[in-house]
Amino acid sequence: MQQEQCPMGDYKKVGGQCGDCSTCGKCDRALKRGERPAEKVKKVEPIMEQDNSTKLYTFLIYSENIAGLLSQISAVFTRRQVNIETLNVCASSTPGVHKYTITSFCDEEMAIMLTKQMEKKIDVLRANYYTDDQIFINETCLLKISSPIMLANSQVCSIVRQYSARIVEVNPTYATIEKTGITSDILALFNALNTIPECVLQFVRSGRIAITKSKVEHLDRYLAEREVRRKEERR
Amino acid sequence: MAEKITGAEALMRALEHEGVNTLFGYPGGAIMPTYDALYDHKKTLNHVLVRHEQGAVHAAQGYARVSGKVGCAIVTSGPGATNTITGVADAMIDSTPIVVICGQVGVAMLGTDAFQEVDVVGVTQPVTKWSYQIRRPEDVAWAVSRAFYIARNGRPGPVVLDFAKNAQTGMVEFEPANVDFIRSYDPYPRINKEAIEKAARMINNSVKPFALLGQGVELGNACDEVRAFLEKAQIPFGTTFLGLSDMPSDHPLNMGILGMHGNLGPNVMTNQCDLLIAIGMRFDDRVTGNLATYAKQAKIIHFDIDESEFNKNVKIDVAVHGDCKESIPEITALVDEAKHDSWISGFKPYAEKEYNKVINKAINPTEGPLLMGEVVSRVTEATGNKAIMVTDVGQNQLFACRYFKFSQPRSVVTSGGMGTMGFGLPAGIGAAFGAPDRTVCVFCGDGGLQMTIQELGTIMEQGAPVKIILMNNNFLGNVRQWQEMFFHHRYSFTPMDNPDYELIAKGYRIPSKTVVDRADLAAGIQEMLATPGPFLLQCAIKEEDNVFPMTPPGANVDEMLLG
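For the protein sequence lines, the chains are R and V, in the order given.
Counted the way the working numbering counts, the first sequence spans residues 30 to 264.
Counted the way the working numbering counts, the second sequence spans residues -19 to 543.
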């Protein structure tokens, strides 16, 4: 059968229905824009606290830069049957030290236990847990939305403005929108755009990143203490 | 410029630098360069060829337990490495310092599903204290030094070194490394003075204190310190299985064994004391029974070197984090000399009740087939309570731990946390090498013995003086007991047809004897102990005997069944 590549990178059968994208304007399906296909309702509920006993905790973990630590850290959560909601790993401001930012729902007792079990790993320097009021948090999302729908429906742009999101790229097929903020704002933006049928093509959130509000830098203090100890033990 | 040597030769020198003199191992493809280097170090590194890699690790564990040194095993890649995992996990849960060195395919072939390749670091990470892949000969000195530092310091545990073949054959200028500090790991945290003072106040205010001693006392070499503390404040204590030789069995404050098959007194009194002082033990479920009712009336002080043990199972009031060799003397200085005579005498009726209802029948039967309790009791008497007790797992273990008596530390080698059947025989070999001047008695059943029976070959070859007491009841006895008690006597696959063990021993050229009648038991034990080198003493045990007392799984700690 003759095939033609559509601009989204997918293939469509000439004269037939497009597989998934329905945005290129070349296939039958694109003509039906504005209609709401019953099977395509996407709605992501904002993250809610699961019940009264659990809370979203943010774990900040510092480790030496040694291969294989991520799986050791995630295994601590798996063993205690706690799901990881978000995970971000990158080099920290201290050379040679990696920082992990992990969010999970659990109770405080579990948060303490997880923290201790992570610190038990030889190459983990520090692990702490925080509630949202103890840290500044941020995350980023990217949304790919259909340009034809954006042009046809003025609501789209007004939602983007309302949520202070940025349009970073536009072409005849799609537009890319970026928004940085706290989880609830990002999910609100997504949920608002997603009320418009066929509008959101892709949606991605980064893991949460966080810095503490504490006036003490616990990692620096820990490293300084360890340096003192090293000198003492050498003597 | 220093001389260049292979990574394999560097490993030999690094092991010697760490004071290793005994290795348990089994060669294979990916570790051959290392075995080739070992050939030149036979004088300093005594290599014991086992018959299965699992045996190498259990032997290293037995060696470590009795000697206090790091046990060392060396195996090949792939199946060699995976065969060690049971022992590595066992060492992890029982805090035994061992270093396992596995061969690995060359770095260029990693991840290609090469012959005998397995992701050893990935597989062992959850069951090791540290697991590391040596990819370059330059890393050998550092990795070996770090491995031994981690294995022996803080809460001891197993370390696996995955030694890639190119790192074994590559050339390097060797300079021994001395890792004595790891920034991210503090094995001996500073003792918190406030915690010590608070704990001391609680002890001084307590009228019914009770101490729980675990293996941590022995691992911290703090038996004398703990003894001085308990004697000064006159605190009665119970021990876990792994802590059995922390104190002499006949110490007047020793109230016996904690847990599911422990003694009645210490278990009942756990729920009557006003202060529980746990030292180097981890409140295992086999010790606590139902957590919801465990020592709820008592304040709890927990001494441990591993912070993650605090509040893990039992909620505690004061945590003293650190090495008990440091913390216990500090608290001894602060506690008042005390007498708790009426409290201590409160244990006595329970001990008498247990003796009359259970112990006497178990160790002094006058009729019927032989019982495990009496065999253990006669062996410990014949050795003057000075021997090392090694056990397998099951009823043999429970009877041995209950009735063997101890007079010096580092005399218990048993698989506590993992409950690894097949542990006994190879661990006994390790114990014989770790304490060559002591008598090593291995108690095992007909089930566990057959799980690692090939190690009789190692015993034969080495002439290892392991006294094997096979308590044969033609059943997987402990499972059978549970089937009887909790599964309506449905003996699903627990009866066993047994081979002729004397014939097997003969095949391995190990002297043996079978005792059926009570009248022959003492003579059999004498013959076993008088015979130099190894001996297999088979005792024909009553088929359906049960270990009592028993706290049924999930029941309250003070609700022990006496029979």
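We put the beta carbon where it would ideally sit given N, CA and C, even for glycine.
Cβ of residue i within 8 Å of any chain R Cβ
| i | result |
| --- | --- |
| residue 116 of chain V | no |
| residue 161 of chain V | yes |
| residue 124 of chain V | no |
| residue 463 of chain V | no |
| residue 105 of chain V | yes |
| residue 186 of chain V | no |
| residue 130 of chain V | yes |
| residue 227 of chain V | no |
| residue 57 of chain V | no |
| residue 341 of chain V | no |
| residue 274 of chain V | no |
| residue 101 of chain V | yes |
| residue 292 of chain V | yes |
| residue 487 of chain V | no |
Interface flag, residue i vs chain V, CB-CB below 8 Å
| i | result |
| --- | --- |
| residue 46 of chain R | With a pLDDT of 45 at residue 46 of chain R, under the threshold of 50, the modelled position of this residue cannot be trusted; read the value that follows with caution. Closer than 8 Å: no. |
| residue 262 of chain R | yes |
| residue 92 of chain R | yes |
| residue 179 of chain R | no |
| residue 30 of chain R | Summary for residue 30 of chain R: the model assigns pLDDT 42, below 50, so the residue's position carries little reliability; its value from the coordinates is reported in the next sentence. No, because no Cβ of chain V sits closer than 8 Å to the Cβ of residue 30 of chain R. |
| residue 153 of chain R | yes |
| residue 237 of chain R | no |
| residue 62 of chain R | Because the pLDDT at residue 62 of chain R is just 49, under 50, the model does not fix this residue reliably, and the value given afterwards should be weighed accordingly. Closer than 8 Å: no. |
| residue 110 of chain R | no |
| residue 255 of chain R | yes |
| residue 67 of chain R | Here the model assigns residue 67 of chain R a pLDDT of 48, short of 50, so the residue's position is not dependable, and the following value carries that caveat. It does not; no Cβ of chain V falls within 8 Å. |
| residue 195 of chain R | no |
| residue 156 of chain R | no |
| residue 101 of chain R | yes |
Cβ pair residue i, residue j closer than 8 Å
| i | j | result |
| --- | --- | --- |
| residue 370 of chain V | residue 407 of chain V | yes |
| residue 182 of chain V | residue 343 of chain V | no |
| residue 193 of chain V | residue 136 of chain V | no |
| residue 152 of chain R | residue 102 of chain R | no |
| residue 215 of chain R | residue 87 of chain R | no |
| residue 262 of chain V | residue 289 of chain V | yes |
| residue 130 of chain V | residue 109 of chain V | yes |
| residue 76 of chain V | residue 41 of chain V | yes |
| residue 350 of chain V | residue 449 of chain V | no |
| residue 37 of chain V | residue 73 of chain V | no |
| residue 157 of chain V | residue 107 of chain V | no |
| residue 28 of chain V | residue 442 of chain V | yes |
CB-CB length for residue i against residue j, believed under 8 Å
| i | j | result |
| --- | --- | --- |
| residue 426 of chain V | residue 476 of chain V | 6 Å |
| residue 260 of chain V | residue 246 of chain V | Actually they are not in contact, since the Cβ atoms of residue 260 of chain V and residue 246 of chain V sit about 16 Å apart, beyond 8 Å. |
| residue 91 of chain R | residue 155 of chain R | 5 Å |
| residue 330 of chain V | residue 244 of chain V | 4 Å |
| residue 491 of chain V | residue 515 of chain V | 5 Å |
| residue 107 of chain R | residue 237 of chain R | In fact, because the Cβ distance is near 19 Å, the residues do not count as touching under 8 Å. |
| residue 58 of chain V | residue 33 of chain V | Going by Cβ atoms, the distance from residue 58 of chain V to residue 33 of chain V rounds to 11 Å, so no, they are not a contact pair. |
| residue 31 of chain V | residue 437 of chain V | 5 Å |
| residue 327 of chain V | residue 216 of chain V | 6 Å |
| residue 545 of chain V | residue 537 of chain V | Nothing about residue 545 of chain V can be read from this structure; chain V reaches only from -19 to 543. |
| residue 128 of chain V | residue -10 of chain V | Between residue -10 of chain V and residue 128 of chain V the Cβ distance is about 15 Å, and since that is not below 8 Å, they are no contact. |
| residue 416 of chain V | residue 320 of chain V | Not a contact, Cβ separation roughly 42 Å. |
Contact list for residue i against chain A, beta-carbon separation under 8 Å
| i | result |
| --- | --- |
| residue 288 of chain V | Reference to chain A is not applicable here, since the protein chains of this structure are R and V. |
Original post:
What residue ranges within the segment 344 to 421 of chain V form continuous beta strand (DSSP E) runs of no fewer than 3 residues, ordered along the chain?
Top reply: 368 to 371
**OP:** Jot down the residue ranges of each uninterrupted beta strand (DSSP E) in the segment 99 to 141 of chain V, minimum 3 residues, whole runs only, in chain order.
**Re:** 110 to 114
**OP:** Assess, as a yes-or-no matter, whether the segment 228 to 245 of chain R is touched by the segment 114 to 122 of chain V under the definition of 3 or more beta carbon pairs within less than 8 Å.
**Re:** Too few Cβ pairs lie closer than 8 Å, so no.
Original post:
Given 8 Å as the limit, is there contact between the segment 373 to 388 of chain V and the segment 409 to 425 of chain V, that is, 3 or more CB pairs closer than that?
Top reply: yes
Original post:
Quick one: any contact between the segment 49 to 59 of chain V and the segment -1 to 12 of chain V, if contact means 3 or more CB pairs under 8 Å?
Top reply: yes
Subject >> Stretch-stretch touch, CB-based, cutoff 8 Å, three pairs: the segment 226 to 236 of chain V with the segment 166 to 180 of chain V >> reply: Too few Cβ pairs lie closer than 8 Å, so no.
Subject >> Sufficient close CB pairs (3 or more, under 8 Å) joining the segment 15 to 26 of chain V to the segment 388 to 405 of chain V >> reply: no
Original post:
Any chance the segment 285 to 295 of chain V sits against the segment 311 to 322 of chain V, with 3 or more Cβ pairs inside 8 Å?
Top reply: no
**OP:** Mind the definition here: the segment 144 to 151 of chain V touches the segment 78 to 88 of chain V only if three or more C-beta pairs lie below 8 Å; say whether that holds.
**Re:** yes
**OP:** Could you say if the segment 138 to 148 of chain R and the segment 196 to 204 of chain R meet the contact criterion of at least three C-beta pairs nearer than 8 Å?
**Re:** Taking a cut-off of 8 Å on C-beta distances, the segment 138 to 148 of chain R does not touch the segment 196 to 204 of chain R, as fewer than three cross pairs fall below it.
Subject >> Segment contact, 8 Å Cβ cut-off, at least three pairs: the segment 362 to 376 of chain V with the segment 449 to 458 of chain V >> reply: yes
Original post:
Would you call the segment 228 to 236 of chain R and the segment 168 to 178 of chain R in contact, with 3 or more CB pairs under 8 Å?
Top reply: Proximity of the segment 228 to 236 of chain R to the segment 168 to 178 of chain R meets the contact definition, three or more beta-carbon pairs being nearer than 8 Å.
Original post:
Can you give, in chain order, each stretch of the beta strand (DSSP E) that sits fully within the segment 160 to 187 of chain R and has at least 3 residues?
Top reply: Scanning the segment 160 to 187 of chain R from its first residue to its last, the whole beta strand (DSSP E) runs of 3-plus residues come out as 164 to 175.
Original post:
Which ranges would you report for the beta strand (DSSP E) in the segment 142 to 167 of chain V if only whole runs of at least 3 residues count?
Top reply: 151 to 153
**OP:** Only counting runs of 3 or more residues, tell me where the beta strand (DSSP E) segments fall wholly within the segment 294 to 320 of chain V, in order along the chain.
**Re:** The segment 294 to 320 of chain V contains these whole beta strand (DSSP E) runs: 298 to 301.
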